[in-house]
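By the UniProt record's numbering, the letter at position 9 of the sequence shown is numbered 9, and the numbering carries on one by one without gaps.
C-beta atoms are modelled at their ideal positions from N, C-alpha and C, and glycine is treated no differently.
To keep things clear, I will list the structure first and then write my remarks on it.
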Amino acid sequence: RQQDHNGRRILLIPYVIRDEFNRSLIELETIQRAMRMIEHYSPVRFIRRTNEECCLTITKGEGCSYSGVGGNSCLATISLGRGCEGYGTVLHELLHALGFQHEQQRPDRDDFIIIYEDYIIEEEKGQFEISEDYRWHDFPFDYDSNMMYDSYAFSKDPQRLPTITTKNGKIIPRNDYLSDGDIRKLLELQKIVNENGCIFL
1 RQQDHNGRRI
11 LLIPYVIRDE
21 FNRSLIELET
31 IQRAMRMIEH
41 YSPVRFIRRT
51 NEECCLTITK
61 GEGCSYSGVG
71 GNSCLATISL
81 GRGCEGYGTV
91 LHELLHALGF
101 QHEQQRPDRD
111 DFIIIYEDYI
121 IEEEKGQFEI
131 SEDYRWHDFP
141 FDYDSNMMYD
151 SYAFSKDPQR
161 LPTITTKNGK
171 IIPRNDYLSD
181 GDIRKLLELQ
191 KIVNENGCIF
201 L
């Protein structure tokens, strides 16, 4: 049982970064910086995979995405394709790997925001649908979360047509860092751990 200097359980996330990232020192540094940010505010520790069964694979695929592999499997992949190299995006996908979900998909989201479905790019409308398996009900809605889309995300006309606003029509800016709410959720992860100290959600 590993603990940090505050006595908190350390949660280990074994990972592999695919070779295609070795050609870009900037991209590697961005991934490492996002990992260090999460580690700074939580009991999570990212470790290079040796022989662990659970593993997070970071690769260059199509677009920006996170996907688990099969049911309760602890194997998962983050894709950081073209246009997904920014620090905030990398942080966003790492948070997905830790079980975070989009704020705009909360079941109670209509109490806090307005979704302008007609302005959303057709193939991205799924990103704005309510998630029936949302797991963070005990946390208040967080406009500042890294997991909250900004007002012009996936807009048909991002210069003019917002896809999300607050209930009173205010624009929601993009946040490339961790909000206080994100940090509180990270601390909650120490309650979700298997017997060998590894988690994968």
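CB residue i to CB residue j, shorter than 8 Å?
| i | j | result |
| --- | --- | --- |
| I58 | Y66 | no |
| I10 | L28 | no |
| F154 | E124 | yes |
| Y119 | K156 | yes |
| T30 | Y87 | yes |
Tell me the residue span of the alpha helix (DSSP H) that contains residue i.
| i | result |
| --- | --- |
| I38 | L25 to H40 |
Looking only at its own chain, which residues have a Cβ that is under 8 Å from the Cβ of residue i, when we skip the five neighbours before and after it?
| i | result |
| --- | --- |
| P140 | G181 |
| Q105 | Q127, F128, E129, I130, S131 and Y134 |
| I114 | I164, T165, T166, K167 and G169 |
| S145 | E103, N175, S179, G181 and D182 |
| S151 | P162, T163, I164, T165, I171, I172 and P173 |
Which residues mark the beginning and the end of the beta strand (DSSP E) in which residue i is found?
| i | result |
| --- | --- |
| L178 | Element bounds for L178: n/a, residue is neither H nor E. |
| T77 | L75 to L80 |
| R45 | V44 to R48 |
| T163 | Note, T163: premise wrong, no beta strand (DSSP E); not H, not E. |
Between which residues of its own chain and residue i is the CB-CB distance below 7 Å, once the five residues before and five after are set aside?
| i | result |
| --- | --- |
| L186 | I38, Y41, S42 and V44 |
| C64 | S79, L80, G81, C84, T89 and E93 |
Does residue i have its Cβ less than 8 Å from a Cβ in chain B?
| i | result |
| --- | --- |
| A97 | The chain labelled as chain B is not found in the depicted structure, where only one protein chain is given. |
Keeping to the same chain, check which residues put their C-beta closer than 6 Å to that of residue i; ignore five residues upstream and five downstream.
| i | result |
| --- | --- |
| H96 | Y66 |
Threshold first: 3 residues or longer. Then list the beta strand (DSSP E) segments lying entirely within the segment 85-153, N to C.
113-115
Is there contact between the segment 162-170 and the segment 13-26, where contact requires at least three CB pairs shorter than 8 Å?
no
Sufficient close CB pairs (3 or more, under 8 Å) joining the segment 30-40 to the segment 86-96:
yes
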